[in-house]
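Protein chains in written order, with the UniProt record's numbering: chain F, 1 to 329; chain R, 1 to 329.
Note that beta-carbon positions come from the ideal geometry of N, C-alpha and C, so glycine has one too.
Okay, structure first, notes after.
Protein chains: 2
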Amino acid sequence: MGVTIKDVAKKAGVSIATVSMVVNDKAGHITPKTKRKVLDAIKELDYRPNFTARSLVRKASNTIGLLVPDITNPYFAELAKSLETALNQAGYITFLCNTFEESEREKRYVNELISRAVDGLIICGLTSLETTIFASLKERRIPYLILDNRFSAENFSIHADDFAGGELAAKHLIENGHTKTLFVGSQNHYINIEQRYQGFKSIMDKHKLETNYLDTELTRVGGQKIAETVFKMDITAVFCSNDLIAIGLYDAAAKQKLTIPGDLSIIGYDNITFTSIVKPHLTTIQQPIHMLAEKACYHLLQMIHTPDYFFYKEILPVSLVSRDSVAAQ
Amino acid sequence: MGVTIKDVAKKAGVSIATVSMVVNDKAGHITPKTKRKVLDAIKELDYRPNFTARSLVRKASNTIGLLVPDITNPYFAELAKSLETALNQAGYITFLCNTFEESEREKRYVNELISRAVDGLIICGLTSLETTIFASLKERRIPYLILDNRFSAENFSIHADDFAGGELAAKHLIENGHTKTLFVGSQNHYINIEQRYQGFKSIMDKHKLETNYLDTELTRVGGQKIAETVFKMDITAVFCSNDLIAIGLYDAAAKQKLTIPGDLSIIGYDNITFTSIVKPHLTTIQQPIHMLAEKACYHLLQMIHTPDYFFYKEILPVSLVSRDSVAAQ
């Protein structure tokens with residue numbers, strides 16, 4: 001016999017209702033600590049919640065909805081292409097929806113995709129913290145997973161190790177003698193970008209170094225907009241939360257005859273294809289795009305085909321790609 | 001009373017059946033000259049074919065399907081974003097479908113979009129010359145238009161003036177003293193790219209200059225792949241049919257310590273955002289992305305809302321963006 005919800009409750013030392021709430025992401029009144037205990041018990045016992053009803057209600061349409069925040073960011077274009085390739089091999093076609101980081105549009109897309117009977121959804125970079133989106137998906141028993149960006153209350157998520165990415169960037173700067181640094185984050189407070197900052201800061205803290213913080217749009221224009229402020233700061237290095245912002249700083253530096261990395265060292269994030277075109281080639285944190293896509297495809301198909309399939313989250317490794325945009329101090 | 005099909009036939013000096021065939025794109029047995037006469041008569045008389053039945057059959061779903069060949073090409077990412085913005089303002093959401101230049105996938109997407117009751121389709125860069133796709137859209141009276149790439153037999157198309165783009169590139173090279181040139185086209189024989197070549201060649205012909213021709217993939221890798229061949233040719237300048245190919249040549253040139261434009265002048269096509277990042281900044285032909293998107297949105301909405309709406313094609317202007325990748329000989 002399989003493991004039951006009772007076993008999990010016993011192991012975690014909580015009530016069955018609590019386990020149920022965690023599994024169904026209705027964790028509003030549960031402390032992170034309790035949640036952690038439940039998730040650990042689920043993992044240890046290899047408990048698989050019974051979602052059977054899910055597969056009984058719907059017919060297969062062989063289509064998947066994919067929400068991305070900005071398709072003109074080459075990172076999301078590459079990710080979308082990888083996902084589409086993987087899903088196509090599995091016999092699915094993908095409707096790609098560009099949400100422009102607008103929660104209103106995210107909601108409309110999800111509703112439209114639901115009414116068009118998609119078999120599943122992959123949601124990247126959702127800005128809306130409203131759980132109504134997830135609630136209506138659950139109600140209709142449409143499998144979905146959160147890719148790249150995520151919310152702490154969500155099961156079924158896949159992302160790269162953003163905290164480790166921030167640590168790698170900080171270590172690289174410290175190894176190169178930088179003590180006055182800046183982190184550039186996003187105006188939309190994505191959790192993955194917050195994690196990059198936390199990782200970065202944790203290493204700086206260890207070395208008793210302060211670090212500055214700025215927000216901007218996650219675009220090339222976003223980088224150009226903050227350049228003036230950045231160039232006036234008493235810093236020697238910037239860690240940008242994506243490559244496009246770094247490229248925007250390159251643009252502004254060229255205009256002001258500042259040299260990179262002579263006047264300012266820069267690290268990006270994502271390793272989009274154009275990081276090896278800019279001069280100097282941009283040092284950056286590589287996200288495992290193909291692995292993210294493969295894992296997402298694998299788990300989503302399991303969720304579609306196996307009624308009781310459950311996974312908590314997958315965290316994939318990142319790496320530093322050292323090129324020419326960081327100078328030794 | 002409005003103009004009738006009889007008036008058009010009389011004006012063009014052809015039968016009513018011939019006019020009907022042109023209007024319904026069943027122009028298989030009609031010579032281009034006859035077709036031209038019919039289209040001129042339609043325009044002169046402002047004739048509007050009666051497509052009333054179209055709007056009676058279907059309910060509005062407020063969704064549009066958009067097919068693009070490669071979302072990782074920043075040109076198509078920008079175009080998709082512009083289209084989505086324009087359509088969203090008009091109250092529509094867009095399902096973006098990435099066809100990877102595979103005709104099998106194009107057909108699947110169109111069928112899926114049909115079965116999901118989209119109100120209209122915008123089709124970019126279709127590789128499939130099979131008219132079955134268009135036939136099934138017509139049968140179901142789903143309005144669609146061809147954007148960017150197109151087929152000579154199609155009405156309802158919008159594209160930039162590719163022939164003029166080719167001419168501009170050729171004139172620019174000749175003005176800079178280049179007599180030994182190369183055109184790089186696509187392995188998939190898109191008509192728009194063929195037109196760029198024809199425009200380029202027409203100017204070279206006028207100056208009694210020969211030009212070389214090569215095909216490759218329309219990607220950065222496509223440029224890298226042909227680089228060795230290109231660098232061995234007895235030429236001083238290359239006109240690439242898109243910017244990504246040009247960037248691929250930049251990559252290979254850097255590896256082989258060739259300088260651009262010292263050793264080789266290069267012109268791209270599209271003016272994607274990264275042309276102003278590469279060093280030297282890439283001289284290229286600018287496509288009017290926002291205008292293409294606005295026109296496409298305008299016409300498609302007319303087609304959806306006005307049963308008898310008809311337009312033949314719109315050709316939008318291109319321009320040369322002269323930067324640093326062409327040297328005077």
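* **Bridge-paired residues (DSSP) for Phe-95 (chain F)** => F:Gly-65
* **Cβ separation of Tyr-213 (chain R) and Gly-166 (chain R), assumed to be a contact under 8 Å, to the nearest whole Å** => 12 Å between Cβ atoms; not a contact.
* Asked: Listed from N- to C-terminal order along the chain, which residues in the region 106–122 of chain R have their beta-carbon within a distance smaller than 7 Å of any beta-carbon of chain F?
  -> Correct list: Arg-108, Tyr-109, Glu-112, Arg-116.
* To do: Go ahead and label Thr-132 (chain F) buried or exposed: buried means 16 or more other beta carbons lie within 10 angstroms of its beta carbon, across all protein chains shown.
  => exposed
* Check whether the Cβ of Phe-156 (chain R) lies closer than 8 Å to any Cβ atom in chain F. => no
* For Tyr-144 (chain F), which option in F:Val-118, F:Gly-177, F:Gln-89 has the closest C-alpha, if you only look at C-alpha atoms? -> F:Val-118
* Asked: Are the C-beta atoms of Val-326 (chain R) and some chain F residue less than 8 Å apart?
  -> no
* I think Asp-262 (chain F) touches Ile-245 (chain F), with their Cβ atoms under 8 Å apart; what is that distance to the nearest whole Å? -> Residue 262 (chain F) is actually Gly in this sequence, not Asp. Incorrect: roughly 20 Å between the Cβ atoms, too far for contact.
* To do: Say whether chain F places a C-beta atom closer than 8 Å to the C-beta of Asn-271 (chain R).
  => no
* Tell me whether Glu-104 (chain F) is buried or exposed, calling it buried when 16 or more other Cβ atoms sit within 10 Å of its Cβ. => exposed
* **Neighbour flag for Ala-86 (chain R) against chain F, beta carbons, 8 Å** => Chain F, which has no Cβ nearer than 8 Å to the Cβ of Ala-86 (chain R), makes this no.
* **Neighbouring residues, chain F, relative to Cys-97 (chain R) (Cβ below 8 Å)** => Ile-93, Thr-94, Phe-95, Leu-96
* Straight-line Cα distance separating Ile-247 (chain F) from Ile-71 (chain F) -> Taking the Cα positions, Ile-71 (chain F) is about 17 Å away from Ile-247 (chain F).
* Checking contacts by CB at 8 Å: is Arg-58 (chain F) closer than that to chain R? -> Its pLDDT being 47, under 50, Arg-58 (chain F) is placed unreliably in this model, and the value from its coordinates should be taken loosely. Output row for Arg-58 (chain F): interface = no.
* In chain F, which residues lie with their C-beta within 7 Å of the C-beta of Glu-78 (chain R)? -> Correct list: Thr-72.
* Any chain F beta carbon closer than 8 Å to Ile-247 (chain R) -> yes
* Neighbourhood of Ile-93 (chain F) by C-beta, 7 Å cutoff - its chain only, sequence neighbours within 5 removed -> Asn-62, Thr-63
* So what does DSSP say about Ile-199 (chain R), is it helix, strand or coil? -> Per the sequence shown, the amino acid found at residue 199 (chain R) is Gly instead of Ile. Here Gly-199 (chain R) sits in helix by DSSP.
* Listing by chain order, which chain R residues have their CB less than 7 Å from the CB of Ile-267 (chain F)? -> Taking a Cβ-Cβ threshold of 7 Å, none of the residues of chain R is close to Ile-267 (chain F); the smallest such distance is about 17 Å.
* In chain order, what residues of the same chain have a beta carbon less than 6 Å from the beta carbon of Leu-137 (chain R), not counting five sequence neighbours either side? -> The answer, listed in chain order, is Tyr-144.
* Got a sec, what are the start and stop residues for the beta strand (DSSP E) residue 342 (chain R) sits in? -> Nothing can be reported for residue 342 (chain R): it is not among the residues displayed for chain R, which extend from 1 to 329.
* **Rounded straight-line distance, which links the Cα of Glu-194 (chain R) to that of Asp-40 (chain R)** => 25 Å
* Near-chain R residues of the region 213–228 of chain F - C-beta to any C-beta below 9 Å -> Considering only beta carbons, the part of the region 213–228 of chain F lying closer than 9 Å to chain R consists of Arg-220, in chain order.
* **Three-state class that DSSP yields for Thr-181 (chain R) in the structure shown** => strand
* Asked: Which stretch, first to last residue, makes up the beta strand (DSSP E) that contains Ala-327 (chain R)?
  -> Here Ala-327 (chain R) belongs to no beta strand (DSSP E), and DSSP marks it neither H nor E.
* Do you know offhand how far Pro-288 (chain F)'s Cα is from Ala-77 (chain R)'s? -> 21 Å
* Asked: Residues of chain R with CB under 9 Å from Ile-277 (chain F), in chain order?
  -> From the beta-carbon of Ile-277 (chain F), the residues of chain R found nearer than 9 Å are Arg-220, Ile-247, Tyr-250, Asp-251, Phe-274, Ile-277, Val-278, Lys-279.
* Using a Cβ-Cβ cut-off of 6 Å (strictly less than) and excluding sequence neighbours within five positions of Val-19 (chain F), which residues of its own chain qualify? -> Ile-5, Val-8, Ala-9, Val-38
* If we call anything under 8 Å between Cβ atoms a contact, is Asp-243 (chain R) one with Leu-282 (chain R)? -> yes
* Asked: Does Thr-63 (chain F) get closer than 8 Å to chain R when you measure Cβ to Cβ?
  -> yes
* To do: Determine the burial state of residue 348 (chain F): buried for a count of at least 16 other Cβ atoms within 10 Å of its Cβ, exposed for fewer.
  => For residue 348 (chain F) there is no data in the structure shown, the boundaries of chain F being 1 and 329.
* To do: Just mark Ile-16 (chain F) as buried or exposed, buried being the case when its beta carbon has 16 or more other beta carbons within 10 Å.
  => Within a 10 Å sphere around the beta-carbon of Ile-16 (chain F) sit fewer than 16 other beta-carbons, which makes this residue exposed.
* **For Tyr-298 (chain R) and Arg-58 (chain R), the rounded distance between their alpha carbons** => For Arg-58 (chain R), the predicted model reports a pLDDT of 47, less than 50, meaning its position is unreliable; a value from the coordinates is still stated below. One C-alpha to the other measures close to 20 Å.
* **Sequence-distant residues of its chain with Cβ nearer than 7 Å to Met-233 (chain F) (five each side left out)** => Leu-182, Asn-212
* Asked: Taking Cβ positions, are Phe-95 (chain F) and Gly-65 (chain F) nearer each other than 8 Å?
  -> yes
* **Helix, strand or coil at Phe-76 (chain F) according to DSSP, with G and I counted as helix** => helix
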